[in-house]
Amino acid sequence: MRRFDLPSPRRIFRSGSGTASASTALVAALIGIGLMTQPADARRRSYQPEREEPRKVEDTQSRDPVGPLYGVVSLADQHVTFYDAKGVWARSRVSTGQRGYATPAGVFTILEKNRHHRSNIYSGAPMPFMQRLTWTGVALHLGVVPNHPASHGCVRLPAAFAQRLFAVTSLGQRVVIAPQDIAPVEIAHAKLPAPKLLPLPGVVDDRTTGAPDATPGVEPVALSAGKTDEPKPELVAPDEYVDALKGAAMKKGKAAAQARKAAVALAGKLRVELRQADRTVAVAEARVKRVNREVEAVARASEKMDVDEAMAKAVDQRVGAVEAKLADAETVAGTARNARSEIERELVSAQEAIRAAVAEGDEAIRMMRDATSRTVPVSILISRKTGRLYVRQGTAPLFDMPVTIKDVDRPLGTHLFIATRAGDNKASLNWVGITPPAAIEVKYRRHSSRRGRRVEPLEPERAAQPFPETAAAALDRIEIPADVKDRIGERLFVGSTLILSDVASNDGKFPMDFQILARTVVRD
């Protein structure tokens, strides 16, 4: 039977022995007719898996981003907006976690990028253009983007947008996932960190005053008061300091390498000369010993001989000649020993020069490492829970200090501040603020029962006030010591971030930047 041929009624009724069989065959034939009369694309659609609808990426701009990129994912609207120093850079639809696999809300960082990534949770499922947000399986990646949440917790991106975004983002850039869309707002506040101007590497700022005189009525005088013609050291911003530090490190390293090469060559030459001097000294000392034996032999011979006056005179002349020969040999030996001592002193100096060159090279490496570490933007977290300020450069902790928070029992909320561009002068930055809903902690404990172990809440979960403070009001309540401000300012430049939160950072076992989850489960 061909594809569109139908069985004849005669064949249908012959296939059964009764009315019921004939009726069943007739119904089957009618159903087959209905299926065959459907369009081909409708029949195929019944067997196709879910595919992304052919819609273009929304509002994607063709310009390159200016300054650091940061994104806001709206779970309710199922779209993401990325911003740069000029404002909105691009928007796109997304697909977040479906029911049972909810995408966590909070403040995240791009921790890892991989062009060809496969999931280690879901049987090696492909995740192209993956940008990891957590070490527990949440990432941005290319995937199917229907008009509803459909992922297993990740944020799926359309193909064109995922490729373009992957090409321009960097590790450490921030992504906020929030229940609703949140727009960043430019903010200027006295409590926001500011860069500290630094002298160029190798320039010491000696514009200090001496210690106060113990004599009453005598005013301290500036040490440089009489040197008004000396130029003041140039002060530069932290990012310019990094460039200058790299240049100084490269210059110092090059000079140290050249000095070490010259010192090693000189030391090799001196070792050859020292071996030659040792041979010369050995020959000279052997000659002295030989002449000494001649002198002793002549002296013994003159004592045994009973000679007249003329013979005695000849013996004295012989002794004088041998003694002169001995004096000459000793002079040659002394000169050889002095030359060897001089070569030894020069060799010691060359070895010291080698050690100094190695030390200079190590210092150049240290300077380069310091400069390299300063190229990563600084991240600052102030946690009301711990009452401390934490500073990291990338994933490397720098220091943490206690900080004063006014009305510490009152929530701060969650606020993210990002330095998007340089200010009007070197000692200022322009900041934007993003205020997602406040983060909360839910305390759970493990509970054993006949059905196994499970967790249950210690207390009923209460809905927290989503926005207890504005960003400016939260900053007003923070007091940072001046010395801590200076330490932060020395490494502060565009791309640095500050987070205020009521909870602590959700750090894992792998190195990472600060991460604030909107809802943190704390097990008792």
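Counting in the working numbering, the sequence shown runs from 1389 upward without gaps. We put the beta carbon where it would ideally sit given N, CA and C, even for glycine.
*From A1859, E1682 and V1556, residue whose alpha carbon lies closest to that of K1713*: E1682
_Here's the rule I'm using: 16 or more other beta-carbon atoms within 10 Å means buried, otherwise exposed. How should Y1510 be labelled?_
exposed
*Own chain partners of K1794 with C-beta closer than 7 angstroms, once the 5 adjacent residues on each side are dropped*: R1865
*asked:* Among P1854, A1636, K1584 and F1898, whose alpha-carbon lies nearest the alpha-carbon of N1813?
replied: The candidate whose alpha carbon is nearest that of N1813 is K1584.
*Which word fits G1494, buried or exposed, when buried means at least 16 other C-beta atoms lie within 10 angstroms of its C-beta?*
buried
*Thinking just about the alpha-carbon of each residue, which of Q1466, F1517, A1644 and L1521 is nearest to the one in Q1561?*
Among Q1466, F1517, A1644 and L1521, the Cα nearest to that of Q1561 is on L1521.
*In three-state terms, what does DSSP make of A1464?*
coil
*Does DSSP classify M1518 as helix, strand or coil?*
strand
*Would D1890 pass as a contact of T1760 if the rule is Cβ separation under 9 angstroms?*
no
*Using a Cβ-Cβ distance under 9 angstroms, would P1453 count as near chain B?*
In the displayed structure, chain B is absent; only one protein chain is listed.
_Residue closest to Y1778, alpha-carbon to alpha-carbon, out of P1626, H1536 and I1768_ = Checked all of P1626, H1536 and I1768; the closest Cα to Y1778 is I1768.
*asked:* Please report the straight-line C-alpha distance between L1654 and L1662, rounded to a whole angstrom.
replied: 12 angstroms
*asked:* Here's the rule I'm using: 16 or more other beta-carbon atoms within 10 Å means buried, otherwise exposed. How should G1488 be labelled?
replied: exposed
_Taking 9 angstroms as the threshold (C-beta atoms), are L1880 and L1817 in contact?_
Result yes, Cβ atoms of L1817 and L1880 sit closer than 9 angstroms.
*Is DSSP giving G1635 helix, strand or coil here?*
Of the three classes helix, strand and coil, the one that applies to G1635 here is helix, per DSSP.
_To the nearest angstrom, how far is the alpha carbon of Q1903 from that of R1544?_
Annotation: Q1903 to R1544 spans about 20 angstroms, alpha carbon to alpha carbon.
*Pair every Cβ in the region 1665 to 1678 with every Cβ in the region 1722 to 1732, then say whether three or more of these pairs are closer than 8 angstroms.*
Judged by Cβ distances under 8 angstroms, the region 1665 to 1678 makes contact with the region 1722 to 1732, as three or more pairs qualify.
_Residue nearest to A1576 in terms of C-alpha spacing, selected from P1856, A1810, T1484 and S1893_ = A1810
*From the DSSP output, read off the bridge partner residues of M1789.*
Per DSSP, L1777.
_Beta-carbon spacing of P1546, S1480 below 9 angstroms_ = It is a contact, given that the beta carbons lie within the stated cut-off.
*Endpoints, alpha helix (DSSP H) assigned at G1877*: That run of the alpha helix (DSSP H) goes A1870 to G1877.
*Give the secondary structure of V1686 by DSSP, where H, G and I count as helix, E and B as strand, and everything else as coil.*
helix
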